[in-house]
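Trainee:
There are 2 protein chains.
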Amino acid sequence: MNRLTVIATVAALCCSAVSFAQVKEDFVPSPNNQPGKQYPMVNSERCVRVQVKAPEAQSVKLDIGGVKYELNKDAEGVWTGESAPQDEGFHYYQLNIDGADVPDPSSLYYYGASRWGSGVDVPAPDQDFYALKNVPQGKVSEVYYWSEVNQAMRHCFIYTPAGYDTDLDKRYPVLYLQHGGGENEYGWPQQGRTAQIMDNLIAEGKAVPFIIVMDNGTWTMPRPAAPGPRPEGPRPDGQRHRGGRHQGPQGRPQGGFGLPDGWADGFMNTLVKDIIPMVDANYRTIADKDHRAMAGLSMGGMQTKAIALPHSEIFGSLGIFSGGTITVEDADNTPGFRENNRLVFISFGSKELENRNPAFGGDPKVETDKLAESGHNAHFYVSPGTAHEWQSWRRSLYQYAQLLFKW
Amino acid sequence: MNRLTVIATVAALCCSAVSFAQVKEDFVPSPNNQPGKQYPMVNSERCVRVQVKAPEAQSVKLDIGGVKYELNKDAEGVWTGESAPQDEGFHYYQLNIDGADVPDPSSLYYYGASRWGSGVDVPAPDQDFYALKNVPQGKVSEVYYWSEVNQAMRHCFIYTPAGYDTDLDKRYPVLYLQHGGGENEYGWPQQGRTAQIMDNLIAEGKAVPFIIVMDNGTWTMPRPAAPGPRPEGPRPDGQRHRGGRHQGPQGRPQGGFGLPDGWADGFMNTLVKDIIPMVDANYRTIADKDHRAMAGLSMGGMQTKAIALPHSEIFGSLGIFSGGTITVEDADNTPGFRENNRLVFISFGSKELENRNPAFGGDPKVETDKLAESGHNAHFYVSPGTAHEWQSWRRSLYQYAQLLFKW
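Chains as they are written, first to last, in this note's numbering: chain A, -3 to 403; chain B, -3 to 403.
1) With DSSP as the reference, please indicate the residues paired to B:Cys152 in a beta bridge.
2) Which partner residues of B:Phe86 appear in the DSSP bridge assignment?
3) For A:Leu458 and A:Asn336, I'd like the C-alpha separation in whole angstroms.
4) Going along chain A in order, which residues have a C-beta closer than 9 Å to the C-beta of B:Val98?
5) Flag A:Ser137 as yes if its beta-carbon sits less than 8 Å from any beta-carbon of chain B, otherwise no.
6) I want to see whether chain B comes within less than 8 Å of A:Gly73, judged by CB atoms only; does it?
7) DSSP state of A:Gln174, grouped into three classes?
8) Using the Cβ count rule (16 or more neighbours within 10 Å means buried), how would you classify B:Val362?
9) Indicate whether at least one CB of chain A lies closer than 8 Å to the CB of B:Thr162.
10) For A:Leu393, which three-state DSSP category applies?
11) For A:Met264, which residues in chain B fall below 7 Å Cβ to Cβ?
12) Rounded to the nearest angstrom, what separates B:Val24 and A:Ser110 at their Cα positions?
13) By the 7 Å beta-carbon criterion, what residues does the stretch 50 to 64 of chain A contribute toward chain B?
14) Nearest chain B C-beta to A:Asn278 closer than 8 Å, yes or no?
15) Give me, in chain order, the residues of the same chain whose beta-carbon lies closer than 8 Å to that of A:Leu91; leave out the 5 immediate sequence neighbours on both sides.
16) Just to confirm, is the Cβ distance from A:Asp270 to A:Ser137 under 8 Å?
17) Within 10 Å of its beta-carbon, does A:Arg338 have 16 or more other beta-carbons around it, so buried, or fewer, so exposed?
18) Can you give me the C-alpha to C-alpha distance between A:Gln299 and B:Gln299, rounded to a whole angstrom?
19) Between which two residues does the alpha helix (DSSP H) harbouring A:Ser346 extend?
20) Using a Cβ cut-off of 8 Å, pull out every chain B residue sitting near A:Tyr168, in sequence order please.
21) In this structure, how does DSSP classify B:Pro132 when only helix, strand and coil are distinguished?
22) Can at least three beta-carbon pairs, one atom from the stretch 203 to 210 of chain B and one from the stretch 148 to 159 of chain B, be found at a separation below 8 Å?
23) Counting only Cβ-Cβ distances shorter than 8 Å, please list the residues of the stretch 124 to 135 of chain A near chain B, keeping chain order.
24) What's the C-alpha gap between A:Glu200 and A:Gly73?
25) What ranges does the beta strand (DSSP E) occupy inside the stretch 32 to 91 of chain A, keeping only unbroken runs of at least 3 residues that lie completely in it?
26) Any beta-carbon of chain B closer than 8 Å to the one on A:Leu104?
27) Verify whether the separation of the beta carbon atoms of B:Phe86 and B:Asp117 is less than 8 Å.
28) Looking at C-alpha atoms only, which residue of A:Tyr88, A:Asn265, A:Val44, A:Gly62 is the closest neighbour of A:Val145?
29) Can you name the residues that DSSP bridges to A:Trp112?
30) Restricting to runs no shorter than 4 residues, where is the alpha helix (DSSP H) found entirely within the stretch 188 to 217 of chain A?
31) Listing by chain order, which chain A residues have their CB less than 7 Å from the CB of B:Gln30?
32) Below 8 Å on the Cβ atoms is my contact criterion, and I expect A:Val44 with A:Pro36 to pass it. Report the Cβ-Cβ distance as a whole number of Å.
33) Between which two residues does the alpha helix (DSSP H) containing A:Asp365 stretch?
34) Does any residue of chain B have a CB that is nearer than 8 Å to the CB of A:Trp386?
35) What's the C-alpha gap between B:Ser294 and A:Trp75?
36) Rounded to the nearest angstrom, what separates A:Glu84 and A:Thr382 at their Cα positions?
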């Protein structure tokens, strides 16, 4: 039993295993529940309580934050139980019913951990910044487009700010915003709450209006031929991302960090040759590097560094959320970067910094401060009390968006 | 055991219970699978095969089309089994694991039967009309707006055809298109494949380009106050429809067909006072009755009759898919309808007509033919081999869209 397991077990005892008397009974339904569903619930101690009817099951568990919590069965065959306290913000989770990992039938579904599955939002003191409010609303559009690089139809989401459809003479800067590993293009518009964050910021005058393109950074390979006896022609799908199914075996070793081979080069080609031209042709963009930025979380941050650092003539600003740093050496050794780049933004959750992986290089705050001291417009942000999770990235977007395109 | 159950049981024996030797082994993955997942699969006999790992389970069933099929467990605890032949097109389904009704962790999720759950598409000979193709693409936008009627933020999807974002002088007709009971505003853009149907029709010159607004016809009541100790301010949700949760007890008896009380009046107010003004203010519409239509499936068709028949000065065309008819008496007894209405479109699945519920009135084909003979532009369509399911409604939209706004 390692240290993390001990901590989790002690925390679980606090919330669940000892007795119901020790659980603070102020649970309220999660905002991520399906219509009409009372569970999952969250209490003021940030414990997550789930409930599922499984009359003939022998064992039902809640699997959240890497820990499994046993539920208890009542006389009607309804299983109920709760987790240890979770961090503020959004978490993926699942149920385990007699050994089967399944989504909770009561929650809405989100794509992460390489699956569509359950999610729960734990209240945060600052949740107002990503709340849906009666302010002028932008919108998120679901867009399919032909990719020459991939020889396939691809799929992305595009946020346009309030007024885009009525103020037809105005042109806008564009941020290309990427999800993390095991996630897809649904991450930022759904659990990332991109539209709500931006609408609220713009309504308060804290951000300039800009377009945000959220594409899929993993699926960058051509589809294989349709197998066997499937019907001719395009498949009748496309409502959802069709990632892994179409990647096919690549016959080459996997790259670092468990990323698919070609994750940066392949996406760079798609981004530069297909996505940006599609966006500039169909949206009223300001199509120059000063008004084009790239940012991403985790794997998407690494992709941002791999693509936007060497191509500062295309992306004049970059943001890396929980995905690495830009050092003075990176800046000085990359032709054109010092002249072209207008903004570097680096962020992490505080718990990531406490448990920092040395493989990611030096202390990111020290490195970013050095970059700023060297005369670069570089900013460092720490999300308090959060780990490698969406609350860190919602807050990072909130901070980054207030700096972007203000030149 | 009624006749339907006998048929289902015999069909189930054909596909599943006798032996694997009798199942045609040409299964291919469903287009509705999660990325990387091989199951569910469908064979050329339209049987659906599912697979789930549940090592400690005693019983796992596939629940589709109102019938439960037992799965078989292998030595690794993986359960596999298949259904009887299903109709062509899209079907909701779920798994039952030791008494727990849960989504299949391998499928994508759709809202129907009053839940987010699994869906599977069975190949159809005419599936090309709703396939994603490399033709000029419209897009579907997710839109939030303030509703005075509901005193709440509401949520809809709006399809705009290819060229809408670049041909800025052009104005468009609008179709208001409603889902059925137990469904929500995700139905038409997801399982309904509205964008693909329209993009393909427009690319072939078979339909004129128009805007389609897909809103929620069930959730029409103000939210109750937030319960107990929940945080102040709007909830940090909104990525998905929040239907039943917010309807609250209404304290009045339910109307016919199991519909919530107020389902038509409430939605009519929302539609006429909030949705149409929002659309006309934010989109380049042609804002008159000749260029505004309403249609819907099942409950949405009944709403269309309840709203658009008496308000032909607002909606100059109407479509009712599996939701009733417009009789000569309806037309003659509704002031203004004969003068204002440009198009009546009525449709059903052929299996609905075979098992017609007399409560819906006379034979809809006879009634529609009479309406046409009386001099009205009335059309009747039958979807061959389908029941009260999405394939009937995809085909209905395909037919209806080719008639609309061609005046």
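Using N, Cα and C, we set each Cβ at its ideal position, and we do this for glycine too.
Mentor: Taking the coordinates as given:
1) Locating residue 152 of chain B in the second sequence gives position 156, where the first residue counts as 1. B:Val139.
2) Walking along the second sequence from the start, residue 86 of chain B turns up at place 90. BP columns for B:Phe86 point to B:Asp117.
3) Absent from the structure is residue 458 of chain A, since the part of chain A shown begins at -3 and ends at 403.
4) Start at 1 with the first residue of the second sequence, and residue 98 of chain B comes out as number 102. In chain order: Val48, Ala50, Leu91, Ile93, Ala96, Val98, Pro99, Asp100, Pro101.
5) To locate residue 137 of chain A, count along the first sequence from 1; it is residue 141. Chain B, which has a Cβ nearer than 8 Å to the Cβ of A:Ser137, makes this yes.
6) Locating residue 73 of chain A in the first sequence gives position 77, where the first residue counts as 1. Answer yes: the Cβ-Cβ gap between A:Gly73 and chain B drops below 8 Å somewhere.
7) The residue given as residue 174 of chain A occupies position 178 in the first sequence. Three-state DSSP puts A:Gln174 in a strand.
8) Indexing the second sequence from 1 puts residue 362 of chain B at position 366. It counts as exposed.
9) Translated into the one-based positions of the second sequence, residue 162 of chain B becomes position 166. It does: the Cβ of B:Thr162 has a partner Cβ on chain A nearer than 8 Å.
10) Residue numbering aside, residue 393 of chain A sits at position 397 when the first sequence is read from its first letter. Correct three-state label for A:Leu393: helix.
11) Locating residue 264 of chain A in the first sequence gives position 268, counting from the first residue. What A:Met264 touches in chain B: nothing, since even the nearest Cβ is about 21 Å away.
12) The sequence position of residue 24 of chain B within the second sequence is 28, counting from 1. The sequence position of residue 110 of chain A within the first sequence is 114, counting from 1. C-alpha separation (whole angstroms): 22 Å.
13) Ala50, Pro51, Glu52, Ala53, Gln54, Ser55
14) If you number the first sequence from 1, residue 278 of chain A lands on position 282. Yes, because at least one Cβ of chain B sits closer than 8 Å to the Cβ of A:Asn278.
15) On the first sequence, position 95 is the one that residue 91 of chain A refers to. Only Val46, Val48, Val56, Lys57, Leu58, Asp59, Asp97, Val98, Pro99, Asp100, Ser114 meet the Cβ criterion.
16) Mapped onto the first sequence, residue 270 of chain A falls at position 274. Mapped onto the first sequence, residue 137 of chain A falls at position 141. Contact: no.
17) Mapped onto the first sequence, residue 338 of chain A falls at position 342. Buried.
18) To locate residue 299 of chain A, count along the first sequence from 1; it is residue 303. To locate residue 299 of chain B, count along the second sequence from 1; it is residue 303. The straight-line gap from Cα to Cα measures roughly 49 Å.
19) For the purposes of this step, residue 346 of chain A is taken as residue 350 along the first sequence, with counting starting at 1. 346 to 350 is the extent of the alpha helix (DSSP H) around A:Ser346.
20) To locate residue 168 of chain A, count along the first sequence from 1; it is residue 172. Those within 8 Å of A:Tyr168 in chain B number zero; the least Cβ separation is about 12 Å.
21) The residue given as residue 132 of chain B occupies position 136 in the second sequence. Looking at B:Pro132 - three-state DSSP - the assignment turns out to be coil, as it is neither helix nor strand.
22) yes
23) Asp124, Tyr126, Ala127, Leu128, Lys129, Asn130, Gln133, Lys135
24) Taking the first sequence and counting its residues from 1, the one referred to as residue 200 of chain A is at position 204. Taking the first sequence and counting its residues from 1, the one referred to as residue 73 of chain A is at position 77. Answer to the nearest angstrom: the Cα atoms are 50 Å apart.
25) 44 to 49, 56 to 60, 63 to 66, 74 to 78
26) As a first step, residue 104 of chain A must be located in the first sequence, where it is residue number 108. Yes, because at least one Cβ of chain B sits closer than 8 Å to the Cβ of A:Leu104.
27) For this step, residue 86 of chain B is matched to residue 90 along the second sequence. For this step, residue 117 of chain B is matched to residue 121 along the second sequence. It is a contact, given that the beta carbons lie within the stated cut-off.
28) Counting from 1 along the first sequence, the entry for residue 145 of chain A is found at position 149. Answer by Cα proximity: A:Asn265.
29) The residue given as residue 112 of chain A occupies position 116 in the first sequence. In DSSP, A:Trp112 forms a bridge with A:Tyr107.
30) 190 to 199
31) In the second sequence, residue 30 of chain B corresponds to position 34, counting from 1. Correct list: Arg111, Trp112.
32) In the first sequence, the residue the question calls residue 44 of chain A occupies position 48. In the first sequence, the residue the question calls residue 36 of chain A occupies position 40. That belief holds up - the Cβ atoms of A:Val44 and A:Pro36 are roughly 6 Å apart, short of 8 Å.
33) For the purposes of this step, residue 365 of chain A is taken as the residue at position 369 of the first sequence. Unbroken alpha helix (DSSP H) run through A:Asp365: 360 to 369.
34) What you label residue 386 of chain A is simply residue 390 of the first sequence in a count that begins at 1. With 8 Å as the cut-off, A:Trp386 does not count as an interface residue toward chain B.
35) What you label residue 294 of chain B is simply residue 298 of the second sequence in a count that begins at 1. What you label residue 75 of chain A is simply residue 79 of the first sequence in a count that begins at 1. Cα-Cα distance, rounded: 36 Å.
36) Locating residue 84 of chain A in the first sequence gives position 88, where the first residue counts as 1. Locating residue 382 of chain A in the first sequence gives position 386, where the first residue counts as 1. Roughly 7 Å between the two C-alpha positions.
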